[in-house]
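When you line the sequence shown up against this note's numbering, it's residues 105 to 277, in that order. Beta carbons are placed, not taken as given, at the ideal position from N, Cα and C, and that holds for glycine. Just so we're clear, the structure is a prediction, and the values are computed from it rather than from any experiment. Here's the structure, in structure tokens; my notes come after.
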Amino acid sequence: NIVTPSFYNLRSDGTISKNVNEDGKTYVEWAHRHNLEIWANVSNSHLNNIDKMHDILSNFETRAKLIDDIVKKMQEDNVDGINIDFENMYKEDKDKFSRLIIELAPRIHDLGKNISVETLAPDRSDTWSLCYDRHTIGRVADYIIFHGYDENTGTTGSVAGGDWTELNIKKYL
């Protein structure tokens, strides 16, 4: 009952760009008519710069600008929630990323909307997995979404075995 389209991308100045055009607005209207919620995805994949991500997370004013921009765009696009999908961050920035979620969540909840945060399996690399404080995020966000597909990359078909997926779910819990 929830769909998460890739509506927003993080920019280097701490604002987000929109991928939502008239087709996106039509999609939101269609989803709502069919009792589906839209939780727009915000990704940092287009930023593709770990140092710039560090700068954004480290600066209160920049985080506040990002939060304001997310809230504004959510209202403009009539979405029901937000999905934060930030990857490739320094392990040393995990508390800063948690701070962003701590500052963002009340603003989202004040709108009567939900926030989910995507994270990778809790045992990979410093910049792709160990950069999340899942306990803090889990207390603040409504949902954590586990990237249960990333055991193997560069393959086609299923990319995560059942044993690997179960092991990592247990690590989360």
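Quick check: what's the CA-CA separation for LYS283 versus GLU255?
The structure shown does not extend to residue 283, since the chain is modelled only from 105 through 277, so no value can be given for it.
Please confirm whether GLU222 and ILE188 have their CB atoms less than 8 angstroms apart.
Here residue 222 is taken as the residue at index 118 of the sequence shown, counted from 1. Here residue 188 is taken as the residue at index 84 of the sequence shown, counted from 1. Yes, they are a contact pair.
Leaving out the 5 sequence neighbours to the left and right, which residues in its chain are closer than 8 angstroms to LYS275 when beta-carbon positions are compared?
Locating residue 275 in the sequence shown gives position 171, counting from the first residue. ALA225, PRO226, ASP227.
Is TYR236 helix, strand or coil by DSSP?
The residue labelled residue 236 in the question sits at position 132 within the sequence shown. Three-state DSSP puts TYR236 in coil, outside helix and strand.
Judging by CA-CA distance, which residue of ASP230, VAL244, GLY128, MET157 is the nearest neighbour of ASP119?
By one-based count along the sequence shown, residue 119 stands at place 15. It should be noted that the sequence gives Thr, not Asp, for residue 119. The residue from ASP230, VAL244, GLY128, MET157 with its alpha-carbon nearest to that of THR119 is MET157.
Tell whether a beta-carbon distance below 8 angstroms holds between ILE186 and LYS217.
For the purposes of this step, residue 186 is identified with residue 82 of the sequence shown, where counting begins at 1. For the purposes of this step, residue 217 is identified with residue 113 of the sequence shown, where counting begins at 1. Yes, they are a contact pair.
Could you give the distance in angstroms between the alpha-carbon of ASN152 and the alpha-carbon of LYS169?
By 1-based counting over the sequence shown, the position of residue 152 is 48. By 1-based counting over the sequence shown, the position of residue 169 is 65. If I take the Cα positions, the gap works out to 20 angstroms.
When you compare only the Cα positions, how much space is there between ASN148 and ILE154?
Locating residue 148 in the sequence shown gives position 44, counting from the first residue. Locating residue 154 in the sequence shown gives position 50, counting from the first residue. Rounded to whole angstroms, ASN148 to ILE154 spans 10 angstroms at the Cα level.
Rounded to whole angstroms, what is the Cα-Cα separation between LYS200 and CYS235?
Position 96 of the sequence shown, counting from 1, holds the residue named residue 200. Position 131 of the sequence shown, counting from 1, holds the residue named residue 235. Straight-line Cα distance between these residues: approximately 10 angstroms.
Can you name, in chain order, every residue of its own chain whose Cβ lies under 7 angstroms from the Cβ of ASN182, other than the five neighbours on each side?
Here residue 182 corresponds to residue number 78 of the sequence shown, with the count starting at 1. Here the set comprises VAL132.
Which stretch, first to last residue, makes up the beta strand (DSSP E) that contains LYS122?
Your numbering for residue 122 matches position 18 in the sequence shown. Taken as a continuous stretch (DSSP letters only), the beta strand (DSSP E) holding LYS122 covers 120-122.
For my contact list, LEU208 and ILE174 are in at a C-beta cut-off of 8 angstroms; report their separation, rounded to the angstrom.
Taking the first residue of the sequence shown as 1, we reach residue 208 at position 104. Taking the first residue of the sequence shown as 1, we reach residue 174 at position 70. LEU208 to ILE174, Cβ: 7 angstroms. Contact.
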